[in-house]
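All remarks here apply to the structure that follows.
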Amino acid sequence: MPEKGKVLVQVKDVCKNFGVTIALSHVDFVVKTGEIRGLIGENGSGKSTVSSIIAGMQPASSGEMAYKGKPWKPKDVLEAQAAGIGMIVQEAGTIANISVAENIFLGSYQKFRKGPIIDKKAMVTEARKALEKIGVTHINPALPARMYDMQERKLIEIAKCMYNNPELLIVDETTTALSQSGRDIIYRIMHEMADAGKAVMIISHDLNEMMEQCDTLTVLRDGVIIDNIDKADFDPDDIKQKMVGREIKGNYYRVDNDGYSDEVVLKADCITTMHSLLCFDLELHKQEILGIGGLSDCGMHTVGRALYGLEMVVDGEVRISDRNVVVKNAQVAFRNGMGYVSKNRDTESLELNASIYNNIASTGYDKNSTGPFINPFKERAYVDKQVRALMIKCQNAHQPVRALSGGNKQKVVFGKWCADDADILILDCPTRGVDIGVKAAMYQLIYDMKKQGKSIIMISEELPELMGMCDRLLIMRDGQISGEFFRKDGYDDRTLIEYMI
Ligand SMILES: Nc1ncnc2c1ncn2[C@@H]1O[C@H](COP(=O)(O)OP(=O)(O)OP(=O)(O)O)[C@@H](O)[C@H]1O
Ligand SMILES: [Mg+2]
């Protein structure tokens, strides 16, 4: 029997500062063998920071760690990997233009070296085994990683991590990028590891998921450990309160049943794309919040991209009705009052090296200019409003977006499009990775936009938020609409799920 309940990792009095930002303050906790430990807390509370310190990505400012009873001070990720600590990071962790196999063996090419050359064939064969080991057979390791979407690329990262047989696996906010089948792979791996006397740390903002999967939850707030809670004592309201430091109660979705106008503002007429969609129709009305739901690969993300001109439409057209403009590309969409929040924020929605200020201001150049000159006062007000409304956790708006926590990056994307007076907004998984307090703020902003006469498409993998927010709900399956439902009739989640699968 594998030994369980032994201390595998100990974090002792660890602090981490970034300039004046205190990311971690005197953090103590242990991870034991046989355990699945969840880290939970608001955006910017320090979850990724403490995990990445354990995994050798950055050093602590002070404090100590122990691993398997010995002092632990990894100098880099490779040392941590070699010692049996693997981490699946929150941000995209694969490189687009090298092959899947090269991604999997990045940093360990040596073992395929034959004299002066690398034996690529052997590497591909081994990569295939690595993927099969986690139950993935549909990814071709010889192809460049860019051929695969976000979910598949996460699976590649998981395969890479598991190839090294880690004893501690850290999974940072990965599940929200995965569909149910991808999540099932991760959950299976986690439980197999715990059963085998290894250990797992997982980070997620999905409280239900955390309560289901974890044995223990460590709650962080502003870089401080607030509590460690065992499964027997899990209580959602108590956990939420510990996370935010105040009581969060009840319903944060809209409660009204106000309808929308008959006027169509955006129309997709029999659009066909290279992948996913075949003669797809859709009408969005003025003042409507139209939801699109389904399983991750049902085509709903492609719909969002095609509507905004990011996906090539090979037949049919997308038209902004009142302006009588055909959306041929994203530039046309933007110039004609459309906004788009991408699911894939790091590559499609943000300039990571630019400041928060410049990212948000980028949607408002026209509005904040007088003639050819940008009015700095107007622009500052434009940015400040969003930073405040969304509680973006930063030193000031001139920090680079790169320095923000994952959820705070998501707030910048959302903020930059809400700031703009776009008439039509397409939101693809807008609340991915944000904590419950900010989710509530985002729902309120979406609702306010409806009240102002804007029209919104909300694409989401979370049924509760679709049911909570949308006037009308389209469920998709295999690139087609399998069902249409209306708020006024009431939504029933069981029926909706039936239409998804
Ligand atoms: N490289 C960096 N430079 C400056 N500040 C940083 C850097 N990395 C993290 N921080 C700051 O440290 C704090 C903790 O960030 P961290 O990424 O650990 O949060 P998190 O709990 O993972 O949040 P999220 O749920 O949004 O992912 C935040 O205030 C963040 O802005
Ligand atoms: Mg994080």
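Counting in our numbering, the final residue of the sequence shown is number 1580, and the numbers go up one at a time with none missing. Think of the CB as a built atom: it goes at the ideal place given N, C-alpha and C, for glycine as much as any other residue.
Roughly how many whole angstroms lie between the Cα atoms of E1121 and V1323?
Working through the sequence shown from its first residue, we reach residue 1121 at position 42. Working through the sequence shown from its first residue, we reach residue 1323 at position 244. Cα to Cα, E1121 sits roughly 7 Å from V1323.
Which residue marks the beginning of the beta strand (DSSP E) containing M1289, and which one marks its end?
Working through the sequence shown from its first residue, we reach residue 1289 at position 210. For M1289, there is no enclosing beta strand (DSSP E); the residue is part of the alpha helix (DSSP H) that begins and ends at 1286-1292.
Report yes or no: do three or more beta-carbon pairs, one from the segment 1356-1367 and one from the segment 1404-1415, lie closer than 8 Å?
Fewer than three pairs of CB atoms, one per stretch, sit closer than 8 Å, so the segment 1356-1367 makes no contact with the segment 1404-1415.
A1482 beta carbon near ligand 1 (any heavy atom closer than 8 Å)
If you number the sequence shown from 1, residue 1482 lands on position 403. With a cutoff of 8 Å, A1482 counts as near ligand 1, since its C-beta is closer than that to a heavy atom of the ligand.
Suppose you measure from the CA of P1153 to the CA of A1134; what does that come to, to the nearest Å?
On the sequence shown, residue 1153 is found 74 positions in, with the first residue counted as 1. On the sequence shown, residue 1134 is found 55 positions in, with the first residue counted as 1. So the alpha carbons of these two residues sit roughly 8 Å apart.
Just to confirm the assignment: which complete alpha helix (DSSP H) runs, minimum length 4, are found wholly within the segment 1184-1220?
Whole alpha helix (DSSP H) segments, 4+ residues: 1199-1212.
Can you tell me which residues form a DSSP beta bridge with Q1559?
For the purposes of this step, residue 1559 is taken as the residue at position 480 of the sequence shown. The secondary-structure analysis by DSSP pairs Q1559 across a beta bridge with R1556.
Does at least one heavy atom of ligand 2 sit under 8 Å from the Cβ of Q1137?
Start at 1 with the first residue of the sequence shown, and residue 1137 comes out as number 58. Not one heavy atom of ligand 2 is found less than 8 Å from the C-beta of Q1137.
Helix, strand or coil for E1158, going by three-state DSSP, please let me know.
Within the sequence shown, the letter at position 79 stands for residue 1158. DSSP places E1158 in helix when its eight states are reduced to three.
Opposite V1344 in the DSSP bridges: which residues?
For the purposes of this step, residue 1344 is identified with residue 265 of the sequence shown, where counting begins at 1. Note: V1344 sits in no beta bridge, so no partner.
Could you tell me the distance, in whole angstroms, from the CA atom of E1170 to the CA atom of I1305?
Reading the sequence shown from its first residue, position 91 is the one you call residue 1170. Reading the sequence shown from its first residue, position 226 is the one you call residue 1305. If you take the alpha carbons of E1170 and I1305, they lie about 26 Å apart.
Whole-angstrom distance between Q1523 and V1517, CA atom to CA atom:
Here residue 1517 refers to the residue found at position 438 when the sequence shown is read from its first residue. Here residue 1523 refers to the residue found at position 444 when the sequence shown is read from its first residue. So the alpha carbons of these two residues sit roughly 10 Å apart.
Whose CA, out of V1088, N1408, G1512, L1469, lies closest to the CA of E1114?
Numbered from its first residue, the sequence shown carries residue 1114 at position 35. Just measuring C-alpha positions, the residue of V1088, N1408, G1512, L1469 sitting nearest E1114 is V1088.
Which word fits H1477, buried or exposed, when buried means at least 16 other C-beta atoms lie within 10 angstroms of its C-beta?
Position 398 of the sequence shown holds residue 1477. By the neighbour-count definition (other C-beta atoms within 10 Å, threshold 16), H1477 is an exposed residue.
Three-state secondary structure assigned by DSSP to K1111
Stepping through the sequence shown from its first residue, residue 1111 is reached at position 32. The three-state reading of DSSP puts K1111 in strand, counting E and B together.
Spatial neighbours of F1191 within its chain, please: CB distance less than 6 Å, with the 5 preceding and 5 following residues excluded, ordered by chain position.
Residue numbering aside, residue 1191 sits at position 112 when the sequence shown is read from its first letter. For F1191, where only same-chain residues beyond five positions count, the Cβ hits under 6 Å are I1197, D1198, A1201, M1202.
For chain D, check one thing: does any of its Cβ atoms lie closer than 9 Å to the Cβ of P1245?
Structure shown: chain D not included; a single protein chain is present.
7 Å Cβ shell around M1136 - same chain, five flanking residues per side excluded:
Counting from 1 along the sequence shown, the entry for residue 1136 is found at position 57. Cβ neighbours of M1136 within its own chain (closer than 7 Å, five residues either side excluded): V1156.
Residue span of the beta strand (DSSP E) that contains E1396, given as start and end:
Sequence index remark: in the sequence shown, residue 1396 carries index 317 (1-based). If you look at E1396, you'll find it in the beta strand (DSSP E) that goes 1392-1399.
Report the CB separation of G1388 from K1407 in whole angstroms; it is logged as a contact under 8 Å.
Position 309 of the sequence shown holds residue 1388. Position 328 of the sequence shown holds residue 1407. The beta carbons of G1388 and K1407 sit about 6 Å from each other, so the pair counts as a contact at 8 Å.
Mark Y1188 as exposed unless 16 or more other C-beta atoms lie within 10 angstroms of its C-beta, in which case mark it buried.
What you label residue 1188 is simply residue 109 of the sequence shown in a count that begins at 1. Exposed, by the Cβ-count rule.
Secondary structure of K1319, DSSP reduced to three states
Here residue 1319 corresponds to residue number 240 of the sequence shown, with the count starting at 1. The answer is helix: DSSP assigns K1319 an H, G or I state.
Does C1473 come out as helix, strand or coil in the three-state DSSP assignment?
Counting from 1 along the sequence shown, the entry for residue 1473 is found at position 394. Under the three-state reduction of DSSP, C1473 is assigned to coil, being neither helix nor strand.
Look at the Cβ atom of K1319, then the Cβ atom of I1308, and state whether they are nearer than 9 Å.
Position 240 of the sequence shown, counted from the first residue, corresponds to residue 1319. Position 229 of the sequence shown, counted from the first residue, corresponds to residue 1308. Cβ distance not < 9 Å, so K1319 and I1308 don't count as in contact.
Check whether the Cβ atoms of M1537 and R1556 sit closer than 9 Å, and answer yes or no.
Counting from one through the sequence shown, the residue named residue 1537 turns up at place 458. Counting from one through the sequence shown, the residue named residue 1556 turns up at place 477. Between M1537 and R1556, the C-beta spacing is not below 9 Å.
Report whether the distance from the Cβ of K1321 to the nearest heavy atom of ligand 1 is below 8 Å.
The count along the sequence shown starts at 1 and reaches residue 1321 at position 242. For ligand 1, not one heavy atom lies less than 8 Å from the Cβ of K1321.
Hey, how far is the Cα of G1214 from the Cα of V1491?
For the purposes of this step, residue 1214 is taken as the residue at position 135 of the sequence shown. For the purposes of this step, residue 1491 is taken as the residue at position 412 of the sequence shown. For G1214 and V1491, the distance between alpha carbons rounds to 36 Å.
Any non-hydrogen atom of ligand 2 closer than 8 Å to I1282 Cβ:
Here residue 1282 refers to the residue found at position 203 when the sequence shown is read from its first residue. Checking every heavy atom of ligand 2 against the Cβ of I1282, one is found closer than 8 Å.
Start-to-end residues for the beta strand (DSSP E) that takes in D1360:
Working through the sequence shown from its first residue, we reach residue 1360 at position 281. For D1360, the enclosing beta strand (DSSP E) covers residues 1359-1364.
Along the chain, where does the beta strand (DSSP E) containing R1300 start, and where does it finish?
On the sequence shown, position 221 is the one that residue 1300 refers to. Run containing R1300: 1295-1300, per the beta strand (DSSP E) assignment.
Looking at N1454 and K1472, is the spacing between their C-beta atoms short of 9 Å?
One-based indexing of the sequence shown puts residue 1472 at position 393. One-based indexing of the sequence shown puts residue 1454 at position 375. Cβ atoms of K1472 and N1454: not closer than 9 Å.
Is any non-hydrogen atom of ligand 1 found closer than 8 Å to the C-beta of T1297, if you look at the structure I gave you?
Translated into the one-based positions of the sequence shown, residue 1297 becomes position 218. T1297 has its Cβ no nearer than 8 Å to any heavy atom of ligand 1.
What is the DSSP secondary structure of G1163, reduced to helix, strand or coil?
Your numbering for residue 1163 matches position 84 in the sequence shown. Here G1163 sits in coil by DSSP.
Please report the residue range of the beta strand (DSSP E) in which R1539 lies.
The sequence position of residue 1539 within the sequence shown is 460, counting from 1. A small correction: the amino acid at residue 1539 is Ser; Arg does not occupy that position in the sequence shown. Taken as a continuous stretch (DSSP letters only), the beta strand (DSSP E) holding S1539 covers 1534-1539.
Tell me which same chain residues have a C-beta within less than 7 Å of the C-beta of K1464, skipping the five on either side of it?
For this step, residue 1464 is matched to residue 385 along the sequence shown. Taking K1464 as the centre and dropping the five residues before and after it, the same chain places the C-beta of A1498 closer than 7 Å to its C-beta, in chain order.
Nearest to I1525 (by Cα), restricted to the options I1515, P1509, E1540
For the purposes of this step, residue 1525 is identified with residue 446 of the sequence shown, where counting begins at 1. Of the residues I1515, P1509, E1540, the one whose Cα lies closest to the Cα of I1525 is P1509.
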